[in-house]
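Just below is one structure, and these are the notes that go with it.
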Amino acid sequence: MLSVLPQLPQPVWILAAGRLLSQIGIGFTLFYAPIFFVNQVGLSATQVGLGLGSSAFSGILGRFLGGNFTDSPQWGRRRTLLLSALISAFADGVLALIVDFPTLVLGNLLMGLGTGFYWPATETVVADVTTLEQRNEAFALTRLADSLGLGCGVLLGGLLIQVGLNFRWLFVMDGVSFLAFFALIYIAIEETRPPNPKPRTQKGSNWGVALGDRQLQKFAIVNLLFTIYVSQLQSTLPLYFSNFLASGGFSPAIISGLFTGQIAFLALCQLPIARTLNRWSRPQGLMLSLSVWSGSFLLVWITGGVSQGALFWAISALAGVAVATALYTPSASALVVDFAPEDLRGTYLAINAQCWAIGYLIGPPLGGWVLDQSRIIIDGFWLAIAFSTLLGIWILRSLGNRE
């Protein structure tokens, strides 16, 4: 059994354990927070949407600062992670005491800032302590910890609400999970920034060098496509399955089962797929992911159009999405590390994380607008994004040719 587990440095396993812990806390509140804010605090759905969306803007700022802090000799990876955990715990304290719209915005601005600090630092630690051959599995392991923690948190949060626990205590428990993550990093993770990184040939500010890297520019376009695809899974697809199928739509219980199954299947295939990816270059792995994304969106289009057997096609589509995601996440982070000079890993990975923030600013509003249009536009949307993968494959081919 142990031979199945990847042979990775101890800091990767410690970081994965910490991420599992913090994601369990996030899962407590992820899907239930909007219900609480509307039904118990008394905010409108519009206010909740604006409040939750505010975290994206502070997240962009946090990723910018997090990249600088992570690469700074005076600050480094470890302190940035510790700062992220403290800010996130404080944000949960604000959200636990929420009484009106301004406190909702404040709590989410703080949470977005903490998340922004977190992503460049955590992925840079993984890159620092692993070899080129280990990175696919290392990034896959930490993403697996995220998925498992989130799934467990959602399940436990639902059970606690069913037994009558006051929802505010879920935010308290989320905050405690961040404090536990802080303690784990403080005790078990040393600073991983190389004391004497290799000098880079290009001169200029960290962000000037990174933003001027043509390879990174090309990949950022592809990564925006990926993050827009992922955002459709969480925002547009559940509503499409509920209200826009020719067969009449799925019940909430079936939709819940579909997406729970997708997360479980992703967890099962994450590490085996990451190990298989070592046979190919990073661009090849990403091109394969785009091909699977395309096929999955075509299956969604079929799901919407059939009058019978829609559940079979929906299961097939979400299984494809799980495989596409498992191919994408480790390959993307590892490719950015391959591009980055040793002393700019945090900045390069901050740009990778910015793509997620921007993709989530674009994807959900785009999907929501589409679902308000005519039936032909709604169904055609899935065909359009299926064929949009060709742009990403074309760009990745040019990156692959330069390796």
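Residue numbers (my numbering): 233 to 635. Positions of the beta carbon are idealized from the N, C-alpha and C atoms, including for glycine.
Checklist entry - Do Ile-419 and Met-519 have their C-beta atoms closer together than 7 Å? => result The sequence position of residue 419 within the sequence shown is 187, counting from 1. The sequence position of residue 519 within the sequence shown is 287, counting from 1. No.
Checklist entry - So, is Gly-385 buried or exposed, given that buried needs 16 or more other C-beta atoms within 10 angstroms? => result Looking up residue 385 in the sequence shown gives position 153. Under this definition Gly-385 is a buried residue.
Next on the checklist: Please tell me whether Arg-514 and Ala-566 are closer than 7 Å, where the distance is taken between their beta carbons.
Outcome noted: As a working note, residue 514 is residue 282 in the sequence shown. As a working note, residue 566 is residue 334 in the sequence shown. Result yes, Cβ atoms of Arg-514 and Ala-566 sit closer than 7 Å.
Checklist entry - Grouping DSSP H, G and I as helix and E and B as strand, with all else coil, what is Ile-330? => result As a first step, residue 330 must be located in the sequence shown, where it is residue number 98. It is coil, neither helix nor strand.
Checklist entry - Does the beta-carbon of Gly-344 have 16 or more other beta-carbons within 10 angstroms, so that it is buried, or is it exposed? => result Looking up residue 344 in the sequence shown gives position 112. The residue is buried, with at least 16 neighbouring Cβ atoms inside 10 Å.
Item to check | Pairwise C-alpha distance: Pro-427 and Leu-234 | outcome: Position 2 of the sequence shown, counted from the start, is the residue given in the question as residue 234. Position 195 of the sequence shown, counted from the start, is the residue given in the question as residue 427. Below a pLDDT of 50, predicted positions are generally treated as unreliable, and Leu-234, at 43, falls in that range; no measurement from the model is reported.
Item to check | Straight-line gap, Leu-392 to Gly-348 (C-alpha atoms, nearest Å) | outcome: The residue you call residue 392 lines up with position 160 of the sequence shown. The residue you call residue 348 lines up with position 116 of the sequence shown. Each residue's Cα considered, the two are about 29 Å apart.
Item to check | For Phe-296, the nearest candidate out of Gly-257, Met-405, Asn-438, Phe-268 (CA to CA) | outcome: Residue 296 sits at position 64 when you count from the first residue of the sequence shown. Measuring from the Cα of Phe-296, the nearest candidate turns out to be Asn-438.
Next on the checklist: Closest to Gly-536 by C-alpha separation, out of Asp-611, Asp-575, Ala-549, would be which residue?
Outcome noted: Taking the sequence shown and counting its residues from 1, one reaches residue 536 at position 304. When each option's Cα is compared against that of Gly-536, the closest is Asp-611.
Checklist entry - Are at least three pairs of beta-carbons, each pair with one atom in the stretch 590–597 and one in the stretch 446–465, less than 8 Å apart? => result yes
Item to check | Within the stretch 293–322, ranges of the beta strand (DSSP E) (whole runs, at least 3 residues) | outcome: none
Next on the checklist: For Ile-505 and Asn-368, what's the separation of their Cα atoms in angstroms?
Outcome noted: Counting from one through the sequence shown, the residue named residue 505 turns up at place 273. Counting from one through the sequence shown, the residue named residue 368 turns up at place 136. Distance between the alpha carbons of Ile-505 and Asn-368 is about 9 Å.
Item to check | Inter-residue spacing [alpha-carbon to alpha-carbon] between Leu-576 and Asp-303 | outcome: Residue mapping note: residue 576 aligns to position 344 of the sequence shown, counting from 1. Residue mapping note: residue 303 aligns to position 71 of the sequence shown, counting from 1. If I take the Cα positions, the gap works out to 6 Å.
Checklist entry - Is Pro-305 buried or exposed, if buried means 16 or more other CB atoms sit within 10 Å of its CB? => result For the purposes of this step, residue 305 is taken as residue 73 along the sequence shown, with counting starting at 1. Its Cβ having fewer than 16 others within 10 Å, Pro-305 is exposed.
Next on the checklist: So the candidates are Ser-523, Asp-360, Ala-542, Gly-274; which of them puts its Cα closest to the Cα of Arg-425?
Outcome noted: Counting from one through the sequence shown, the residue named residue 425 turns up at place 193. Of the listed residues, the one whose Cα sits closest to Arg-425 is Asp-360.
Checklist entry - Where does Glu-635 land, buried or exposed, given buried means 16+ other C-beta within 10 angstroms? => result By 1-based counting over the sequence shown, the position of residue 635 is 403. Below a pLDDT of 50, predicted positions are generally treated as unreliable, and Glu-635, at 49, falls in that range; no measurement from the model is reported.
Item to check | Own chain partners of Asn-532 with C-beta closer than 6 Å, once the 5 adjacent residues on each side are dropped | outcome: By one-based count along the sequence shown, residue 532 stands at place 300. Residue identity check: residue 532 is Val in the sequence provided, not Asn. Closer than 6 Å at Cβ, skipping near neighbours: Ala-549, Trp-614.
Checklist entry - Between the C-alpha atoms of Phe-571 and Phe-458, what's the straight-line distance to the nearest angstrom? => result Taking the first residue of the sequence shown as position 1, residue 571 is located at position 339. Taking the first residue of the sequence shown as position 1, residue 458 is located at position 226. Near 19 Å, if we compare the C-alpha coordinates of Phe-458 and Phe-571.
Next on the checklist: My assumption, with CB atoms under 8 Å, is that Asn-407 sits in contact with Asp-332. Please give the rounded CB distance.
Outcome noted: As a position in the sequence shown, residue 407 is number 175, starting the count at 1. As a position in the sequence shown, residue 332 is number 100, starting the count at 1. As written in the sequence, residue 407 is Gly, which differs from the Asn given in the question. That belief does not hold up - the Cβ atoms of Gly-407 and Asp-332 are roughly 20 Å apart, past 8 Å.
Item to check | Residue environment, Glu-355, which counts as buried when at least 16 other CB atoms sit within 10 Å | outcome: Sequence index remark: in the sequence shown, residue 355 carries index 123 (1-based). Buried, since its Cβ has 16 or more Cβ neighbours within 10 Å.
Checklist entry - Just curious, the alpha helix (DSSP H) that Thr-561 is in, first and last residue? => result To locate residue 561, count along the sequence shown from 1; it is residue 329. Element bounds for Thr-561: 542–571.
Checklist entry - How is Ala-478 classed by DSSP in three states: helix, strand or coil? => result Position 246 of the sequence shown holds residue 478. Three-state result, Ala-478: coil.
Item to check | Three-state secondary structure (DSSP) of Ser-235 | outcome: Indexing the sequence shown from 1 puts residue 235 at position 3. Since pLDDT at Ser-235 reaches only 47, below the 50 mark, its modelled position is unreliable, and the value read off the structure follows with that caveat. Looking at Ser-235 - three-state DSSP - the assignment turns out to be helix.
Checklist entry - When burial is assigned at 16 or more other CB atoms within 10 Å of the CB, is Ala-485 buried or exposed? => result If you number the sequence shown from 1, residue 485 lands on position 253. Exposed, by the Cβ-count rule.
Checklist entry - Going straight from the alpha carbon of Leu-509 to that of Gln-272, what length do you get? => result If you number the sequence shown from 1, residue 509 lands on position 277. If you number the sequence shown from 1, residue 272 lands on position 40. Cα-Cα distance, rounded: 47 Å.
Checklist entry - Which term fits Leu-267, buried or exposed, when burial requires 16 or more other beta carbons within 10 angstroms of its beta carbon? => result For the purposes of this step, residue 267 is taken as residue 35 along the sequence shown, with counting starting at 1. The residue you asked about is not Leu; residue 267 is Ile in the sequence shown. So Ile-267 counts as exposed.
Checklist entry - Do Ala-542 and Ser-479 come within 7 Å of each other at the CB atom, strictly closer than that value? => result Numbered from its first residue, the sequence shown carries residue 479 at position 247. Numbered from its first residue, the sequence shown carries residue 542 at position 310. Yes. Within cutoff.
Item to check | Continuous alpha helix (DSSP H) stretch holding Phe-371: start and end | outcome: The residue given as residue 371 occupies position 139 in the sequence shown. 367–394 is the span of the alpha helix (DSSP H), which, as asked, contains Phe-371.
Item to check | Contact test: Phe-619 Cβ vs the ligand NAD heavy atom, cutoff 6 Å | outcome: This structure lacks the ligand NAD, and indeed carries no ligand of any kind.
Checklist entry - Under a three-way DSSP split, which group does Pro-266 fall into? => result For the purposes of this step, residue 266 is taken as the residue at position 34 of the sequence shown. Looking at Pro-266 - three-state DSSP - the assignment turns out to be helix.
Item to check | Cα-Cα separation, Phe-476 to Val-357 | outcome: Within the sequence shown, the letter at position 244 stands for residue 476. Within the sequence shown, the letter at position 125 stands for residue 357. Their Cα atoms are separated by approximately 44 Å.
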